[in-house]
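Trainee: Before I ask anything, let me first share the structure, which is written out below as C-alpha cells.
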Amino acid sequence: MSITLDARTILLLMAFTAVPTALVLLAVSRFYAARVRGVAHWTGANIALAVGLLLLGLSQTANDLPARVGGNTLLVLTTALYYLAIQRLLGDKPSTRLAWTTVAASGIIFALLWTSAAPYRLAVGTLSIAVMILTGLSAARLLLPLSAEKPVSHRFTGLLFLIGCALMTVRLGHALLSDSPPAHLFAPNFWQGMILGGAHIITMLMSLGFALMIVDQLASELNRLATLDALTGIGNRRVFYTRAESELARWRRKGTPLSLLMIDLDRFKSINDQLGHAAGDDTLRRFVALVGPHLREYDFFARLGGEEFAVLLPDATEEVAVGIAERLRELTEAERLPAPGFAVPTTASIGAAQLLAHERTIDQLMQRADQALYAAKSGGRNRVVAASWLQEASATRPEAAAERSSAAIPSLQTENE
Numbered sequence: 443m444s445i446t447l448d449a450r451t452i453l454l455l456m457a458f459t460a461v462p463t464a465l466v467l468l469a470v471s472r473f474y475a476a477r478v479r480g481v482a483h484w485t486g487a488n489i490a491l492a493v494g495l496l497l498l499g500l501s502q503t504a505n506d507l508p509a510r511v512g513g514n515t516l517l518v519l520t521t522a523l524y525y526l527a528i529q530r531l532l533g534d535k536p537s538t539r540l541a542w543t544t545v546a547a548s549g550i551i552f553a554l555l556w557t558s559a560a561p562y563r564l565a566v567g568t569l570s571i572a573v574m575i576l577t578g579l580s581a582a583r584l585l586l587p588l589s590a591e592k593p594v595s596h597r598f599t600g601l602l603f604l605i606g607c608a609l610m611t612v613r614l615g616h617a618l619l620s621d622s623p624p625a626h627l628f629a630p631n632f633w634q635g636m637i638l639g640g641a642h643i644i645t646m647l648m649s650l651g652f653a654l655m656i657v658d659q660l661a662s663e664l665n666r667l668a669t670l671d672a673l674t675g676i677g678n679r680r681v682f683y684t685r686a687e688s689e690l691a692r693w694r695r696k697g698t699p700l701s702l703l704m705i706d707l708d709r710f711k712s713i714n715d716q717l718g719h720a721a722g723d724d725t726l727r728r729f730v731a732l733v734g735p736h737l738r739e740y741d742f743f744a745r746l747g748g749e750e751f752a753v754l755l756p757d758a759t760e761e762v763a764v765g766i767a768e769r770l771r772e773l774t775e776a777e778r779l780p781a782p783g784f785a786v787p788t789t790a791s792i793g794a795a796q797l798l799a800h801e802r803t804i805d806q807l808m809q810r811a812d813q814a815l816y817a818a819k820s821g822g823r824n825r826v827v828a829a830s831w832l833q834e835a836s837a838t839r840p841e842a843a844a845e846r847s848s849a850a851i852p853s854l855q856t857e858n859e
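Counting from 443, one number per residue, gives the positions in the sequence shown under our numbering.
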C-alpha cells in the first residue's frame, strides 16, 4: 500500500508556516535594518511565498488560471528575493536585472501556457528551471569560494539552497521524462508529494539559515564596535592592548625589534573652544585619514583617547620609528588642521621608543614612549623625541633631549596644550 502526500495540504501548510516567519523577520527588519542588509528582501520573499501558496492551495480547480499564473509567478518571485537578500546581506551589488527578468519571463510563460491549455508538465518545467537558476546562484554565492574560514551559517544555508536546486532538478526530470507524470497539481502522485514535502522542509530551514546569518552579521558588527574607535574607525584602546600583547609574544619568540609611537595633537583644546566639538571631531578624523596611508601594512594605528594616538611598529628599530614619526609630524604640520585660516593650527608631538631586552611588559614600553612624548611637548611641541635620547640627556633637563629633534620650534607662551 503506497502512501501519497496530498499536494493541497502541503501547499497550505507551507503557506501558514511562511506567515509567522515573515512576521518575525519583519520585526528584525524594523529594529536592525540599518545594520543588517537584506532583511526586508527576505521578509518580502516569505510574504510572496505565503500568498503564492495560498493562491495555489485554495484554488477551486487544478487549472484555475489566475491562481496558476499568479501563484507560480509569486513562487519565482520568492526565490528571486531570496537571491537578492543574500547578495545584500553579503554586501554585493544586487543582480536586480537578472532577478526581475527571470520573474517577468516566468510570468509571461505561465500565462501563455495556461491560456493555450498546454500540458501541465510544461508549467512544471518552467517553474523548475526558474527556481533552479535562482537557487543555484544563491547556493554558489554562499558556498564559493570554498574556504574553511567561511561562516558555518553561510555553508549551512548554501547547502540548503543546493538541496533546493537539486529538488527542482528532480521535479523537472520527473515531469518531463516520467512515463506517468502528474496531470495537474492536485493529482495523486507519490513523487510529486515527496518533492513538495521536501521543498516544505527545505524552505523552513532556509529561513532558519538566514536568521543564523543575521546573528553572525550582528555579532560581527558588535565585535567591530567593541574593537574600533567609533569616531575615527581605527583601533581603540582595548584592541590596542590586545594587539600589543600579541606583538610582545612575537618579539619573545623571534627577537625581532618592536617600537611604539605615542602621538598627541598640539593645542587641540583651542579647536574645541573656538570652533566647537564638531570641528574637533572632524579634525581627529582628518588626522587619521592623513596618517593611515603613510604607515606600513602591518603597523597598527589606534586612538587611546581624546587627541592621543599610538602606533605599534613591528620589525622596526627606534631609528626607523623616528623616521616614520618625523614623516607623520611633517604631514600634520603641512595640513594645517583644522583649516588653513585657523590662527593656531594643530601639530603633532611624538614620542618614540623601542622595546628593550630587559623589558617584559607593554606598559614599560608605553611608559618610556610617554616620557619621550612629554619631552616633545615640554620642549616646544611639533617635534619628535626618542626615548633613547632621554637616557643620554640630563635627568633634570628633558628638554635637552628635545633639542635633538629636527623640528624644534619656539614654544608659544599663549597657546593651550
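For each residue, glycine too, the CB sits at the ideal point set by N, CA and C.
1) Buried or exposed for R695, please, with buried defined as at least 16 other CB atoms from any protein chain shown within 10 angstroms of its CB.
2) List the endpoints of the continuous beta strand (DSSP E) containing I551.
3) For D706, list the residues DSSP reports as bridge partners.
4) Report the option in A799, L619, G793 whose CA atom is closest to the CA atom of Y901.
5) Look at the alpha carbon of V518 and the alpha carbon of P630, and state the distance between them as a whole number of angstroms.
6) Taking only three categories from DSSP, how would you classify V478?
7) Give me the Cα-Cα distance between A811 and L732, rounded to the nearest whole angstrom.
8) Considering only residues of the same chain and omitting the five flanking positions on each side of A560, which have a CB-CB separation below 8 Å?
9) According to the neighbour-count rule (16 or more other Cβ atoms, all chains shown, within 10 Å of its Cβ), is F458 buried or exposed?
10) Please identify the residue among I713, K535, V511, G480 whose C-alpha is closest to the C-alpha of V493.
11) When we look at the beta-carbon of Y525 and count the other beta-carbons within 10 Å, is it buried (16 or more) or exposed?
12) I need the boundaries of the alpha helix (DSSP H) containing S827, first residue and last residue.
13) When you compare the CB positions of L702 and L807, do they come within less than 7 Å of one another, or not?
14) Please report the straight-line C-alpha distance between L832 and L664, rounded to a whole angstrom.
15) Take the Cβ of L618 as the centre, count every other Cβ of all protein chains shown within 10 Å, and call the residue buried at 16 or more, exposed below.
16) Going straight from the alpha carbon of A795 to that of D757, what length do you get?
17) Which residues does DSSP pair with R745 in a beta bridge?
18) Between Q529 and S580, what straight-line distance do the alpha-carbon atoms span, to the nearest angstrom?
19) Could you round the C-beta distance between L531 and V478 to whole angstroms and report it? I think they count as a contact, below 8 Å.
20) Along the chain, where does the alpha helix (DSSP H) that runs through G533 open and close?
21) If you reduce the DSSP assignment to three classes, tell me which class L779 lands in.
22) For W542, count neighbouring Cβ atoms within 10 angstroms of its own Cβ and tell me buried if that reaches 16, exposed if not.
23) Quick one: using the 10 Å Cβ neighbour count with 16 as the cut-off for buried, is Y562 buried or exposed?
24) Whole angstroms are fine: how far does the CA of F552 sit from the CA of I605?
25) Is the beta carbon of G486 sitting closer than 7 Å to the one on L455?
26) The alpha helix (DSSP H) spanning N665 covers which residue range?
27) Could you name the residues of the same chain whose beta carbon sits closer than 6 Å to that of T838, not counting the 5 residues immediately before and after it, in chain order?
28) Looking only at DSSP bridge pairs, what is Q796 linked to?
29) According to DSSP, which residues form a beta bridge with G677?
30) Would you mind stating whether S570 and R613 have Cβ atoms separated by less than 7 Å?
31) So which of W556, T520, T451 has the shortest CA-CA distance to A509?
32) If we ignore side chains and look at the alpha-carbon of each, how far apart do L588 and S688 end up?
33) Helix, strand or coil: which one does DSSP assign to P756?
34) Could you give the C-beta distance for M648 and C607, rounded to a whole number, given that I count them as a contact under 8 Å?
35) Is G822 helix, strand or coil by DSSP?
36) Given the structure, does L618 come close to the ligand MG, in the sense that its CB is under 6 Å from one of the ligand's heavy atoms?
Mentor: Reading it off the structure:
1) The sequence position of residue 695 within the sequence shown is 253, counting from 1. With fewer than 16 neighbouring CB atoms inside 10 Å of its own CB, R695 falls in the exposed class.
2) On the sequence shown, residue 551 is found 109 positions in, with the first residue counted as 1. Not the beta strand (DSSP E): I551 falls in the alpha helix (DSSP H), residues 538-557.
3) Residue mapping note: residue 706 aligns to position 264 of the sequence shown, counting from 1. Answer is E750, S791, bridged to D706.
4) The structure shown does not extend to residue 901, since the chain spans only 443 to 859, so no value can be given for it.
5) Looking up residue 518 in the sequence shown gives position 76. Looking up residue 630 in the sequence shown gives position 188. Going from the Cα of V518 to the Cα of P630 covers about 24 Å.
6) As a working mapping, residue 478 is identified with position 36 in the sequence shown. Reduced to three states, the DSSP call for V478 is coil.
7) Translated into the one-based positions of the sequence shown, residue 811 becomes position 369. Translated into the one-based positions of the sequence shown, residue 732 becomes position 290. Spanning the two alpha carbons is a distance of roughly 22 Å.
8) Along the sequence shown, read from residue 1 onward, the residue named residue 560 stands at position 118. Same-chain partners within the cutoff: L554.
9) What you label residue 458 is simply residue 16 of the sequence shown in a count that begins at 1. Under this definition F458 is an exposed residue.
10) Reading the sequence shown from its first residue, position 51 is the one you call residue 493. Ranked by how close their Cα comes to the Cα of V493, the residues I713, K535, V511, G480 have V511 in first place.
11) Translated into the one-based positions of the sequence shown, residue 525 becomes position 83. Buried: at least 16 other Cβ atoms inside 10 Å.
12) Mapped onto the sequence shown, residue 827 falls at position 385. A small correction: the amino acid at residue 827 is Val; Ser does not occupy that position in the sequence shown. Looking at the DSSP string, V827 is not in any alpha helix (DSSP H); the run it does join, the beta strand (DSSP E), is 826-828.
13) Counted from its first residue, the sequence shown places residue 702 at position 260. Counted from its first residue, the sequence shown places residue 807 at position 365. A contact, by the Cβ cut-off of 7 Å.
14) Counted from its first residue, the sequence shown places residue 832 at position 390. Counted from its first residue, the sequence shown places residue 664 at position 222. Rounded to whole angstroms, the gap between the alpha carbons of L832 and L664 is 42 Å.
15) Against the sequence shown, residue 618 aligns to sequence position 176. L618 is exposed by the Cβ-count criterion.
16) The sequence position of residue 795 within the sequence shown is 353, counting from 1. The sequence position of residue 757 within the sequence shown is 315, counting from 1. In this structure, the alpha-carbon of A795 lies about 13 Å from that of D757.
17) The count along the sequence shown starts at 1 and reaches residue 745 at position 303. As DSSP reads the structure, R745 sits in a beta bridge with F751.
18) Here residue 529 refers to the residue found at position 87 when the sequence shown is read from its first residue. Here residue 580 refers to the residue found at position 138 when the sequence shown is read from its first residue. In this structure, the straight-line span from the alpha carbon of Q529 to that of S580 is close to 8 Å.
19) As a first step, residue 531 is located in the sequence shown; it is residue number 89 there, counting from the start. As a first step, residue 478 is located in the sequence shown; it is residue number 36 there, counting from the start. With a Cβ gap of about 7 Å, L531 and V478 count as contacting.
20) Position 91 of the sequence shown, counted from the first residue, corresponds to residue 533. G533 -> no alpha helix (DSSP H), and no H or E assigned at all.
21) Taking the sequence shown and counting its residues from 1, one reaches residue 779 at position 337. The answer is strand: DSSP assigns L779 an E or B state.
22) The sequence position of residue 542 within the sequence shown is 100, counting from 1. With fewer than 16 Cβ atoms within 10 Å of its Cβ, W542 is classed as exposed.
23) Here residue 562 refers to the residue found at position 120 of the sequence shown. Counting the other CB atoms within 10 Å of its CB gives Y562 a total of 16 or more, which places it among the buried residues.
24) As a working note, residue 605 is residue 163 in the sequence shown. As a working note, residue 552 is residue 110 in the sequence shown. The straight-line gap from Cα to Cα measures roughly 25 Å.
25) By one-based count along the sequence shown, residue 486 stands at place 44. By one-based count along the sequence shown, residue 455 stands at place 13. At least 7 Å separates the beta-carbon of G486 from that of L455.
26) By 1-based counting over the sequence shown, the position of residue 665 is 223. In the DSSP assignment, N665 falls within the alpha helix (DSSP H) that extends over 632-669.
27) Mapped onto the sequence shown, residue 838 falls at position 396. In this prediction, T838 has a pLDDT of 49, which is less than 50 and means its spatial position is unreliable; nothing more can be read from the coordinates.
28) Here residue 796 corresponds to residue number 354 of the sequence shown, with the count starting at 1. Bridge partners of Q796: S701.
29) Numbered from its first residue, the sequence shown carries residue 677 at position 235. In the DSSP output, where bridge partners are listed per residue, G677 has L670, A744.
30) Mapped onto the sequence shown, residue 570 falls at position 128. Mapped onto the sequence shown, residue 613 falls at position 171. Yes, these two residues count as a Cβ contact at 7 Å.
31) Counting from 1 along the sequence shown, the entry for residue 509 is found at position 67. When each option's Cα is compared against that of A509, the closest is W556.
32) Position 146 of the sequence shown, counted from the first residue, corresponds to residue 588. Position 246 of the sequence shown, counted from the first residue, corresponds to residue 688. In a straight line, the C-alpha of L588 is about 29 Å away from that of S688.
33) Counted from its first residue, the sequence shown places residue 756 at position 314. In the displayed model, P756 falls within a strand according to three-state DSSP.
34) For the purposes of this step, residue 648 is taken as the residue at position 206 of the sequence shown. For the purposes of this step, residue 607 is taken as the residue at position 165 of the sequence shown. M648 to C607, Cβ: 12 Å. No contact.
35) Counting from 1 along the sequence shown, the entry for residue 822 is found at position 380. Secondary structure at G822: coil, using DSSP grouped into helix, strand and coil.
36) This structure does not include the ligand MG; it has no bound ligands of any sort.
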